[in-house]
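Everything in the sequence shown is counted per full-length UniProt numbering, starting at 8 for the first residue and increasing by one. Note that the Cβ used here is the ideal one computed from N, Cα and C, for glycine as well.
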Amino acid sequence: NRDKAWSGRFSEPMSDLLQRYNASVDFDKRMAEFDIQGSLAHARMLTRAGVLSEADLSAIEQGMSEILADIRAGRFEWTIQLEDVHMNIEKRLTDKIGDAGKRLHTGRSRNDQVATDIRLYVRAAIDEISALLVEVQKSLLDLAEQHVDTVMPGFTHLQVAQPVTFGHHLMAYFEMFGRDIERFVDARKRTNRMPLGSAALAGTSYPIQREYTAELLGFEQVCRNSLDAVSDRDFAIEFTSAASIAMMHMSRLSEELILWMNPRFGFIDIADRFCTGSSIMPQKKNPDVAELARGKSARVFGHLMGLLTLMKGQPLTYNKDNQEDKEPLFDTVDTLTVTLTIYADMLRGITVNKEAMRAAALQGYATATDLADYLVKRGLPFRDAHEAVALAVRHAEQQRCDLAELSLDTLRQFSTLIEADVFEVLTLEGSLNARNHIGGTAPAQVRAAIAAARQALGGD
Ligand code: ARG
């Protein structure tokens, strides 16, 4: 136990069980590169402030670059005797370079060190995830572009409501993922603040230059209160919240893909490589990837609850509870990253059965609202028009036919305002084209929305 950074105070070693209970290195070694970056910036700042010598600094830089190379090559031996990523690296540095390594921790604590590492980690994750969300958006755009005038039924209550275009439907998800990106970009601002300098909790007596360390690490600001800096993890919660919302959107999209691929819908097919068969039923092709994405949203939501609960009872400042923040955070990043990566690819491999979509839009009286609007334009109050069309739909239902299949004479039984031109508004295309305003489903608007989206993404 003499190897421990705090061993002098203790008269008996930890049991193996307790050592394992206490250790975090098995998972926090994932932050190793950020830990080294943070240490190097801290050492450079201490040198500039005259606390470390130039010779110490170059020994630290040399030692750290060897350690980094070992870690990247998978040669670094992590040990739970040294508890966490921070002490594993510091001990190795000291083994390599002696006293200069022991001086690195001057004016610092693992409390501000770990808070800094997590912030650097989350910042990098945000950048990666935002880029992946853009990839998913591009796939949606490519697919939407092919379907600006592909008609499908729009649903409310999962019942046919009004005709929309498939392109318009896909662009709805484009919007959702766009807001997800905004949320991540916004969370990044609050993540990108530097705890270093807060030391254990109260700050440090050394003449530190926090702005300089922050600049080296690309932090936009330094945390303004040392107690807050070492103890809060709200940035991680905010990140997980944005991730949860993004996964919720992925899950809704997944649910739709699953429905659309069901032969009763038959709207789409998903490329074989994203599906699996059944070990017993030879005919099966199952949309497993979409089901997994829908299912994996659950674990991310769970991590959000976990992190909120982790923090809610902690008195200021740092408590070891905080060590439990990492696994949920890492799993959130992994789950979202892999799901987005797969979806960016999978969406491109979707084939659309336009005939099936069209046939579905023709069932279910999707243009009933258009008929009501037609009557309103001829002077009938909307509520009366609604009732007249409801009766017409009831009649058509009894005849087992669509509104457009009723004769003009039959339609006129429900309102004498109806004339021969009614059949233009009862068509699917007539209905689509009528909704020609910003945000509407008319193909011209969808085309414009796609063009604007492409431009916003920097065009290509
Ligand atoms: N492994 C610890 C964590 O994840 C590092 C900080 C430990 N600080 C302490 N005072 N015990 O939070």
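Exercise. For ligand 1, any of its heavy atoms closer than 7 Å to the Cβ of Ser-31?
Worked result: Ligand 1 approaches Ser-31 closely enough that one of its heavy atoms is under 7 Å from the residue's Cβ.
For this session: Keeping to the same chain, check which residues put their C-beta closer than 7 Å to that of Phe-191; ignore five residues upstream and five downstream.
Result: Taken in chain order, the residues that qualify are Ile-133, Ile-136, Ser-137 and Ala-249.
Exercise. Using CA coordinates, which residue listed in Arg-130, Thr-157 and Ser-22 is at the minimum distance from Ala-363?
Worked result: For Ala-363, the closest of Arg-130, Thr-157 and Ser-22 by C-alpha to C-alpha distance is Thr-157.
Exercise. Of the residues Asn-443, Leu-413, Ala-451 and His-444, which one's Cα is nearest the Cα of Leu-433?
Worked result: Checking every option, the nearest Cα to that of Leu-433 belongs to Leu-413.
Exercise. Expressed to the nearest angstrom, what Euclidean distance is found between the alpha-carbon atoms of Arg-301 and Leu-264?
Worked result: The straight-line gap separating the alpha-carbon atoms of Arg-301 and Leu-264 is approximately 11 Å.
For this session: Determine the direct distance from the alpha carbon of Ala-56 to that of Gln-26, and round the result to whole angstroms.
Result: The alpha-carbon atoms of Gln-26 and Ala-56 are separated by roughly 37 Å.
Exercise. Hey, would you say Ala-207 sits closer than 8 Å to Asn-118, going by beta carbons?
Worked result: With respect to the 8 Å criterion, Ala-207 and Asn-118 are classified as neighbours on the basis of their beta carbons.
For this session: Check each candidate in Ile-78, Asp-106 and Thr-113 and name the one with the smallest Cα separation from Ile-96.
Result: Ile-78 is the residue among Ile-78, Asp-106 and Thr-113 whose C-alpha sits nearest the C-alpha of Ile-96.
Problem set entry | Assigned secondary structure, Phe-184 (DSSP; H/G/I helix, E/B strand, else coil) | The DSSP-derived three-state label of Phe-184 is helix.
Exercise. What runs of the alpha helix (DSSP H), each 4 residues or longer, lie entirely inside the segment 347 to 413?
Worked result: DSSP runs (the alpha helix (DSSP H)) wholly in the segment 347 to 413: 361 to 369, 375 to 384 and 389 to 406.
Exercise. In whole angstroms, what separates the C-alpha of Leu-75 from that of Arg-195?
Worked result: Taking the Cα positions, Leu-75 is about 26 Å away from Arg-195.
For this session: Starting from the C-beta of Ala-66, find all residues in its chain whose C-beta is less than 7 Å away, skip the five residues before and the five after it, and write them out in chain order.
Result: Same-chain partners within the cutoff: Ile-104 and Ala-107.
For this session: Leaving out five residues on either side along the sequence, give the residues of the same chain with a beta carbon under 6 Å from the beta carbon of Arg-390.
Result: Counting only Cβ-Cβ distances below 6 Å, and skipping sequence neighbours, we find nothing.
Exercise. Of all the options Val-453, Thr-423, Gln-462 and Leu-464, which has the alpha carbon lying nearest to the alpha carbon of Glu-152?
Worked result: When only C-alpha atoms are compared, the closest one is Val-453.
Exercise. What runs of the beta strand (DSSP E), each 3 residues or longer, lie entirely inside the segment 299 to 333?
Worked result: Complete beta strand (DSSP E) runs here, min 3: none at all.
For this session: With a threshold of 7 Å, establish whether the CB of Gln-330 neighbours any heavy atom of ligand 1.
Result: Yes, since a heavy atom of ligand 1 falls inside the 7 Å radius drawn around the Cβ of Gln-330.
Problem set entry | Close beta carbons around Val-121, own chain, < 7 Å, minus the five adjacent residues each side | The residues are His-93.
Exercise. Cα separation between Cys-282 and Ser-261?
Worked result: Their Cα atoms are separated by approximately 13 Å.
For this session: Could you tell me whether the Cβ atoms of Ala-351 and Leu-139 are closer together than 8 Å?
Result: Taking C-beta atoms as the reference points, Ala-351 and Leu-139 count as a pair closer than 8 Å.
For this session: Check whether the Cβ of Asp-35 lies closer than 7 Å to any heavy atom of ligand 1, and answer yes or no.
Result: Yes, Cβ of Asp-35 sits closer than 7 Å to a heavy atom of ligand 1.
Exercise. Between the C-alpha atoms of Phe-308 and Gly-70, what's the straight-line distance to the nearest angstrom?
Worked result: Using only the alpha carbons, I get a separation of about 41 Å.
Exercise. Buried or exposed: Asn-329, going by 16 or more other Cβ atoms within 10 Å of its Cβ?
Worked result: It counts as buried.
For this session: Report all residues from its chain with a CB closer than 8 Å to the CB of Ala-403; omit the five preceding and five following residues, and keep chain order.
Result: Same-chain partners within the cutoff: Tyr-372, Asp-409, Leu-410, Glu-412 and Leu-413.
For this session: Report the rounded CA-to-CA distance for Ser-238 versus Ser-146, giving the unit in angstroms.
Result: Cα to Cα, the separation comes out at about 40 Å.
For this session: Verify whether the separation of the beta carbon atoms of Ala-379 and Phe-421 is less than 8 Å.
Result: Contact: no.
Exercise. Are Ala-368 and Leu-266 close, meaning C-beta to C-beta below 8 Å?
Worked result: The answer is no: Cβ separation not under 8 Å.
For this session: Report all residues from its chain with a CB closer than 8 Å to the CB of residue 474; omit the five preceding and five following residues, and keep chain order.
Result: With the chain covering 8 to 467 only, the question about residue 474 has no answer from this structure.
For this session: Using DSSP bridges, identify the partner residues of Phe-421.
Result: Answer is none; Phe-421 lacks a bridge partner.
Problem set entry | Thr-247 versus Asp-338 - alpha carbon distance | Cα to Cα, Thr-247 sits roughly 10 Å from Asp-338.
Exercise. Around the C-beta of Gly-114, are 16 or more other C-beta atoms found within 10 angstroms, so that it is buried, or is it exposed?
Worked result: Per the 10 Å Cβ criterion, buried.
Exercise. When you compare only the Cα positions, how much space is there between Lys-303 and Thr-342?
Worked result: The C-alpha of Lys-303 lies about 7 Å from the C-alpha of Thr-342.
Exercise. Any chance the CB of Asp-42 is under 7 Å from a heavy atom of ligand 1?
Worked result: In this structure, the C-beta of Asp-42 stays at least 7 Å away from each heavy atom of ligand 1.
Problem set entry | Ser-258 versus Ala-297: straight-line alpha-carbon distance, rounded | Each residue's Cα considered, the two are about 8 Å apart.
Exercise. For Ile-287, which three-state DSSP category applies?
Worked result: Assignment of Ile-287 by DSSP, reduced to helix, strand and coil, places it in the coil class.
Exercise. Relative to ligand 1, is the shortest distance from any of its heavy atoms to the C-beta of Asn-118 smaller than 7 Å?
Worked result: For Asn-118, the CB falls within less than 7 Å of some heavy atom of ligand 1.
Problem set entry | Beta carbon of Val-383 nearer than 8 Å to that of Ala-397 | At least 8 Å separates the beta-carbon of Val-383 from that of Ala-397.
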